[in-house]
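To start, the structure under review is shown below, and the notes come after it.
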Amino acid sequence: MRDSVESVARLHEVRAEITRAARDFGRDPAGITLVAVSKTFPAEAIEPVLEAGQRAFGENYVKEAKEKWPRLSERYPGVELHMIGPLQSNKARDAVRLFDAIHTVDRDSLAAALAKEIAREGRAPRLLVQVNTGEEPQKGGVMPAEADAFIAACREKHGLTIQGLMCIPPAEEPPSPHFALLAKIARRNGLNALSMGMSADFEAAIQLGATHVRVGSAIFGAREQA
Ligand SMILES: *Cc1c(COP(=O)(O)O)cnc(C)c1O
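Listed below in structure tokens is the structure:
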């Protein structure tokens, strides 16, 4: 109970910070969607945040989302679910059924699987391409030098509509150069959505054009594991 009151207070604080950052940087706060990252938190921890009016949520695992969200979405109309974790091609069908947006399109086989399931299900989540701006081997995302060609292949070869780009900067580096690089790649590819910024750096992301900030621990508290 106490934890849930705290999460609602933190939600309001994060919203206020987003509005403040938007104003500071000459942007319309309405152009920034707060995606509340609820991975690893059970339904009981999410409900107070839903009660407080939050509707966009991010999850990293298809299985966890499938277990938690259908019942919550039924009770809280207007929920918008965002897939922000690595996606296996064999989970494409579940992902297309469950999610309203997928931020982690990053390879040809996944693009092909998503195109097939979108056609089959008659339902198209908004798609973002993940770019590995720090070129980290353990991280998902296309390399920056490959981004233009991959976006073109998504569009032309797979017939997908790509809305924007997503990145997760290296933990040990200042994030702003990564946000700036993502914005530059988006601009030259005519993409509007920029999913960037987490609990520690969403203000810097807003300064550089984020349209979606993905904030977990600043709302829900520390996770036991990432
Ligand atoms: C977990 C996660 C977040 C949220 O991170 P916090 O630091 O808790 O805000 C955002 N984006 C992605 C891709 C994540 O995996």
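Residue numbers (the numbering used here): 109 to 334.
Just so it is clear, CB atoms sit at the ideal spot from N, CA and C, and this is done for glycine as well.
None of the values given here were measured: they were computed from a predicted structure.
Legend entry - R331 vs S303 beta-carbon contact at 8 Å: For the purposes of this step, residue 331 is taken as the residue at position 223 of the sequence shown. For the purposes of this step, residue 303 is taken as the residue at position 195 of the sequence shown. No. Outside cutoff.
Inset, instruction - Report buried or exposed for S217, applying the criterion of at least 16 other Cβ atoms within 10 angstroms of its Cβ. - result: Numbered from 1 along the sequence shown, position 109 holds the residue referred to as residue 217. Its Cβ having fewer than 16 others within 10 Å, S217 is exposed.
Inset, instruction - Leaving aside the five residues before and after A203 along the sequence, list all residues of the same chain whose C-beta is less than 7 Å from its C-beta, in chain order. - result: Taking the first residue of the sequence shown as position 1, residue 203 is located at position 95. These residues qualify, in order along the chain: V170, M191, L195, I210.
Inset, instruction - Rank D208, I226, K174, V113 by C-alpha distance to the C-alpha of G186 and give the top, closest one. - result: Position 78 of the sequence shown, counted from the start, is the residue given in the question as residue 186. For G186, the nearest C-alpha among the options comes from D208.
Inset, instruction - Tell me whether the beta-carbon of F258 lies closer than 8 Å to the beta-carbon of S146. - result: To locate residue 258, count along the sequence shown from 1; it is residue 150. To locate residue 146, count along the sequence shown from 1; it is residue 38. For F258 and S146, no; Cβs fall outside 8 Å.
Legend entry - Sequence-distant residues of its chain with Cβ nearer than 7 Å to N168 (five each side left out): For this step, residue 168 is matched to residue 60 along the sequence shown. These residues qualify, in order along the chain: K147, I192, G193.
Inset, instruction - Compare the C-alpha of V213 against each of K199, G249, L189 and name the closest. - result: Here the question's residue 213 lines up with position 105 in the sequence shown. For the residues K199, G249, L189, the minimum Cα distance to V213 belongs to G249.
Legend entry - Residue ranges of each beta strand (DSSP E) within the segment 194-238, 3 or longer: 209-213, 234-238
Inset, instruction - Just mark T319 as buried or exposed, buried being the case when its beta carbon has 16 or more other beta carbons within 10 Å. - result: Locating residue 319 in the sequence shown gives position 211, where the first residue counts as 1. Classification for T319: buried.
Legend entry - Cα-Cα separation between L236 and G324, rounded to whole angstroms: One-based indexing of the sequence shown puts residue 236 at position 128. One-based indexing of the sequence shown puts residue 324 at position 216. Distance between the alpha carbons of L236 and G324 is about 19 Å.
Legend entry - Residues sharing a beta bridge with F165, DSSP: Your numbering for residue 165 matches position 57 in the sequence shown. For F165, which the question treats as bridged, DSSP gives the partners A144, L189.
Inset, instruction - Can you give me the Cβ contacts of S307 inside the same chain, cut-off strictly under 7 Å, excluding the 5 residues immediately before and after it? - result: Residue mapping note: residue 307 aligns to position 199 of the sequence shown, counting from 1. If we look at S307 and ignore the five residues flanking it on each side, its Cβ neighbours are V323, G324, S325, A326.
Legend entry - beta-carbon V237 near ligand 1 non-hydrogen atom, thresh 7 Å: Taking the first residue of the sequence shown as 1, we reach residue 237 at position 129. V237 Cβ: outside cutoff for every heavy atom of ligand 1.
Inset, instruction - Compare the Cα-Cα distances from K292 to each of M274, P278, E280 and report the closest residue. - result: One-based indexing of the sequence shown puts residue 292 at position 184. Closest by alpha carbon: M274.
Legend entry - Contact set for E229: own chain, Cβ-Cβ below 8 Å, skip 5 residues either direction: Within the sequence shown, residue 229 is the residue found at index 121, counting from 1. Closer than 8 Å at Cβ, skipping near neighbours: R201, V204, R205.
Legend entry - When A138, K176, Q246, E125 are compared against A312, the one with the closest alpha-carbon: Along the sequence shown, one-based indexing puts residue 312 at 204. The shortest C-alpha separation from A312 is found at E125.
Legend entry - Per DSSP, cross-strand counterpart(s) of I270: Numbered from 1 along the sequence shown, position 162 holds the residue referred to as residue 270. BP columns for I270 point to L235.
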